[in-house]
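If you read the sequences in order, they're chains A and B. Each residue of the first sequence is one higher than the one before, starting from 81 at the first, in this note's numbering. Each residue of the second sequence is one higher than the one before, starting from 5 at the first, in this note's numbering. Below is one structure, written out as structure tokens, with a few remarks after it.
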Amino acid sequence: MNFELSQDHKVLQSAVRDFVEKEIKPIARKIDEDHAIPDLLVNKMGEMGLLGSYFPEEYGGAGLDMLSYTIVVEEVSKACGSSGVLISAHTSLCSGPIYTFGTEEQKKKWLPPLNSGDIIGCFLLTEPDAGSDAGAISTSYTRDGDDFIVNGSKIFITNGGYKGTGVLFATSDKNLKHKGVSAFIIDLQSHGVVILKNENKMGIRGSYTTAFALDNVRIPAANLLGQEGQGFKIAMDTLNGGRIGIASQALGIAEGAFERALAYSRERKQFGAPICDLQAIQFKLADMWARIETSKLMTYKAACLKDAKKSYTMESAMCKMLASEAATYVTREAIQIHGGYGFICDYEVERMYRDAKITEIYEGTNEVQRVVISKLLLA
Amino acid sequence: MKILVCIKQVPDLESRFKPNTAGTWYDEADLAFRMNEYDEYAVEQAVQLREQVGDTAELAVLSIGPDRVVEAIKKALAMGCDNAVHVQDLQAATRDPWQIAGIIAAFARDKGFDLIFTGMQSQDRGSAQVGVTVAELLGLACATTLVGFSFDNGTITAKRELEGGVKGVVKLSTPALVTCQLGLNIPRYPTLPNIMKAKKKEITVIPVAEILKEEALATTEKFYPPAKKGGGMVLEGDMGDLVDKVIGILKEKTAVLR
């Protein structure tokens, strides 16, 4: 067993780190305050290749692997959780299923603009009455000649506000439950796609979380992803991979907060000495670091298993669960180490605390992750 | 046109440095390494020249050191160098500038490089001798401390930084060697697609014993951090308060007043 990154991964890590340090870190607070990631930054991330890391070069991707993607999301999220989830949802949840389940024509058509970042992708599964129970979606589709016609509504759609490309789930008959679900590639500029609102949130405020109404939206039959009725399987497989992205985001948020807490504990003096001389603070740092390292090992393991084309369902559920819980724990303790200053926006750990919470919820709540893990244990 | 850029991998300067057990240099354990910052400007300028000249140009990058320096080499390849030379040398950190320059000159002597770029100095040793010594050994025209560079028809126009912010312009013909100062350009990020492409570029490995012929002319005897200054105590307040405070401290911390 060798727990060291390869030289190629180290080169990538250091390149992304430099990019984040110069292009993202200085504006991370503004992204939160403005509730928006500047288009210029999205363009720069596209040029850097951060939006198509693990897809082959023939589809406009960088041709790297899942571990590289994990490192990208982690490094970006150290500075900005909003930018981290933009990459994660775009890559894992939109380009991912098109690459895995798309036909050659679909891949050639849809992936290059996604991989370059010219178009931002999203994943339209969740509905007001279908969250963890994804088989219960009621957005419907019917066939009409060469088109499908879709009606319904979708909520909590990360990256939805860009109105780019989406992977959409709809049912032919709600009574069929998950067997009735199909997946489609949708151009969100299509007629009948209406943004109801972009949500105002506790954290990841720079990231769009969008509610859509779909009113007689025509989707060409050529945009059916996989076979009819295969949608639920596509959704579950996609979320399986997506969890590695969210684990990476959570890991990055935790590391970002830890770096600040560690530095602050060295600088801040009370009782005539740096507070890191106090055992109360030392124990906090030890607990925080142990959780970060545990999460990192599991997240990298899940990514390596996916790269090796081995089963990774168990590990992706575990890394998402561990890393998100590490993120909420570490960011909370980072505020505690900062004391009153941690509660002030200037010190940024309060933003990281707000950004961390969602990672325990989206792409499968941690309760769902525990269901996945225990089912596999008892299978 | 054949171009060479010489780079060094150095520790991240934000690291906490400790002397090694012999006390002659820093201990490498737990240090993170990266490309010497001055060399990043050299690589960027070399890549810009490579792009300006087009496909008739060939740009090689060279680095000396243990296997970890391949990370810096790969970064340079991802920034746009065509191929690389890794002079494998576990003892590189103990070599003096004369030996390092000797290795580079021995490699470059019969290769016909038109232009060699180096950083002005390394961030760790900072001797600023290697570039100029290579130029001397190879009989090349040389300009140092570049903050501006242009190339036209075999002539280099180099803007140099002088003392106190004054600038000078130097013209020199190839073959030449230039050393690059911070701020010469804005080094590009290695993009992910270019990191991938760099994996396919050739890295030639040369064991140092094959090309090192020079004895060291200087040895580093000692490496040590500056002595820690004790943090003084600053008292504030009016005269009466200050006297009370001083008496309190003398009572508490010393045996002068009991």
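For glycine and all other residues, C-beta sits at the position ideal for the given N, C-alpha and C. Since the structure is predicted, the reported quantities are computational estimates derived from the model, not experimental observations.
Run the CB neighbour count on residue i, radius 10 Å, all protein chains shown included, and call it buried at 16 or more, exposed below.
i	result
B/S154	exposed
A/P177	buried
B/R113	exposed
A/D226	exposed
A/N303	buried
B/P101	buried
B/V151	buried
A/G240	buried
B/F37	buried
A/Y443	According to the sequence displayed, residue 443 of chain A carries Glu and not Tyr. Buried, by the Cβ-count rule.
B/P230	exposed
A/H89	buried
A/A388	exposed
A/K376	buried
A/Q350	exposed
B/D242	exposed
A/N320	buried
A/A330	buried
A/S391	exposed
A/S86	exposed
B/T208	exposed
A/C425	exposed
Could you tell me which residues DSSP pairs with residue i in its beta bridges?
i	result
B/K163	B/G152, B/V173
A/E185	A/E185 is not bridged to any residue.
A/L147	DSSP output for A/L147 lists no bridge partner at all.
A/S220	A/N231, A/T251
B/P23	B/Y30
B/M39	B/Q13
A/A383	Looking at the DSSP assignment, A/A383 forms no beta bridge with any residue, so it has no partner.
A/Q481	There is no way to answer for residue 481 of chain A, as the model of chain A reaches only from 81 to 459.
A/V297	A/V230
A/C399	According to DSSP, which records beta bridges pairwise, A/C399 is partnered with nothing at all.
B/N87	B/A64
B/P211	B/Q92
A/K277	A/A291
B/L119	B/I7, B/A180
A/T238	A/T289
A/F135	In DSSP, A/F135 forms no bridge with anything.
A/L305	A/A263
A/T374	None, per the DSSP bridge assignment.
List the whole-angstrom C-beta distance separating residue i from residue j, where the pair is believed to meet the contact cut-off of C-beta under 8 Å.
i	j	result
B/I7	B/M39	Not really, about 17 Å apart at Cβ, beyond 8 Å.
B/E55	B/M83	Going by Cβ atoms, the distance from B/E55 to B/M83 rounds to 11 Å, so no, they are not a contact pair.
A/T408	A/M432	The Cβ separation is near 10 Å, so there is no contact.
B/I210	B/V91	5 Å
A/T393	A/L457	Wrong, their Cβ atoms sit about 12 Å apart, outside the cutoff.
A/E279	A/R340	Not confirmed; about 27 Å, so no contact.
A/G246	A/L268	5 Å
B/L141	B/A109	4 Å
A/F181	A/L305	5 Å
Using a Cβ-Cβ cutoff of less than 6 Å, which residues in the same chain neighbour residue i once the five nearest sequence positions on both sides are dropped?
i	result
A/K254	S218
B/K171	K163
A/R323	S396, K400, E443
A/S148	L92, S133
A/C356	S345, R346
B/D16	A36, R38
B/A202	K78, L81, A82
Within a Cβ cutoff of 7 Å, which residues of the same chain sit near residue i, ignoring the five residues on either side of it in sequence?
i	result
A/Y242	I200, Y288
B/T28	T224, E225, K226, F227
B/A180	L119, L144, A145, C146, I160
A/M128	F99
A/G140	G132, L191, P192, N195, S196
A/T445	S212
B/M5	V57, T60, A61, D118
B/N24	Y30, D31
A/L342	L365
B/G158	S177, T178
A/E440	S404, E405, T408, N446
B/I104	I68, V134
Any beta-carbon of chain C closer than 8 Å to the one on residue i?
i	result
B/T195	Here chain C cannot be found, since the structure's protein chains are A and B.
Using 7 Å as the cut-off, classify the Cβ of residue i as near or not near the heavy atoms of the ligand ATP, replying yes or no.
i	result
A/L385	For the structure depicted, the ligand ATP is absent and the ligand set is empty, with no information on it obtainable.
Return the chain-ordered list of same chain residues with a C-beta closer than 8 Å to the C-beta of residue i, the five sequence neighbours on each side being excluded.
i	result
A/P118	I107, I111
Check: Are the stretch 228-240 of chain A and the stretch 281-298 of chain A touching by the rule of at least three beta carbon pairs closer than 8 Å?
Finding: yes
Next item on the list: Give a yes or no on contact between the stretch 149-160 of chain A and the stretch 326-335 of chain A, applying the rule of three or more CB pairs nearer than 8 Å.
Entry: yes
Margin query: Counting beta carbon pairs with one atom in the stretch 86-102 of chain A and one in the stretch 195-207 of chain B, are three or more of them shorter than 8 Å?
Written below: yes
Check: Touch check for the stretch 121-135 of chain B and the stretch 12-31 of chain B: three-plus C-beta pairs under 8 Å?
Finding: yes
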